[in-house]
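Worksheet: the structure to be examined is printed underneath.
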């Protein structure tokens, strides 16, 4: 389903993905063995992920070894027109487009809760990013803890309100969908152009929101 571009090649430097779930590192994926890595649900993929929201062939991680006017040397993400998409720093990327990745960027495939954080040489970090990988993980864990605390508080208030109001006669208001809890929610498409036009600015906004 994918043809490697002429500028592709094996990366000579040490790169990997740190896979984080609920703020904790659960695995790593080495990127140095091949010039391109297919991500998807099928066991034949280089990086197989079993989450049902992923497409069979979901995306490709491609290294550029020969720079040109459009593609500097580095890693790129190429979404294979997947059903539920891929996000980089919470921004949905376009299908069939090479999206540049920098050290510290956070990739999320479809509705999977696993975050893939790119690790590599310090010189490949985004110039405007001052957060370390450890700080990104810590912020992720803090964000999850605060979210759970808010949910528990809302549930407690809901139980109290229901007890005070007595019988509801079977009529309830439809709650608005929680985009963060929907496993198939992919990010805000309206911000897609912002990321593609200025990924550094988009990354800075991502860190500010998560902080």
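In the UniProt record's numbering, the protein residues as written are 1 to 211.
We put the beta carbon where it would ideally sit given N, CA and C, even for glycine.
Cβ-based burial, residue i [other Cβ within 10 Å; buried from 16]
i           : result
residue 81  : exposed
residue 89  : buried
residue 6   : exposed
residue 97  : exposed
residue 168 : Note on residue 168: pLDDT 44, under 50, position unreliable in the model; the coordinate value appears next. By the neighbour-count rule (16 or more Cβ atoms within 10 Å), residue 168 is not buried but exposed.
residue 10  : exposed
residue 33  : exposed
Spatial neighbours of residue i in its chain, beta-carbon cut-off 8 Å, leaving aside the 5 residues before and after
i           : result
residue 21  : 113, 114, 115
residue 110 : 51, 53, 54, 55, 58, 82, 83, 84, 85, 86, 184, 186
residue 42  : 48, 56, 57
Own chain residues within Cβ distance below 6 Å of residue i, not counting five before or after
i           : result
residue 26  : 19
residue 31  : 15, 16
residue 65  : 9
residue 106 : 89, 115, 117
residue 218 : Because the chain in this structure spans residues 1 to 211, residue 218 falls outside the shown range and cannot be described.
Distance between residue j and residue i (C-alpha atoms, nearest Å)
i           : j           : result
residue 56  : residue 40  : 5 Å
residue 95  : residue 150 : 35 Å
residue 59  : residue 13  : 22 Å
residue 71  : residue 108 : 22 Å
residue 124 : residue 102 : 6 Å
residue 67  : residue 8   : 9 Å
residue 3   : residue 24  : 35 Å
residue 29  : residue 127 : 24 Å
residue 46  : residue 155 : 42 Å
residue 63  : residue 93  : 17 Å
residue 180 : residue 148 : Because residue 180 sits at a pLDDT of 43, beneath the cut-off of 50, its placement in the model cannot be relied upon, and the point is left open.
residue 35  : residue 61  : 8 Å
residue 79  : residue 122 : 26 Å
residue 153 : residue 91  : 29 Å
Check: residue i C-beta below 8 Å from any heavy atom of the ligand NAD
i          : result
residue 50 : This structure lacks the ligand NAD; in fact it carries no ligand of any kind.
Own chain partners of residue i with C-beta closer than 7 Å, once the 5 adjacent residues on each side are dropped
i           : result
residue 120 : 13, 14, 15, 103
Quick check on the DSSP output: what are the complete beta strand (DSSP E) runs of length 3 or more inside the segment 85 to 133, in order along the chain?
86 to 88, 98 to 100, 106 to 109, 115 to 119
Segments of 3+ residues assigned as beta strand (DSSP E) that fall wholly inside the segment 11 to 95
16 to 21, 24 to 30, 36 to 40, 59 to 64, 74 to 79, 86 to 88
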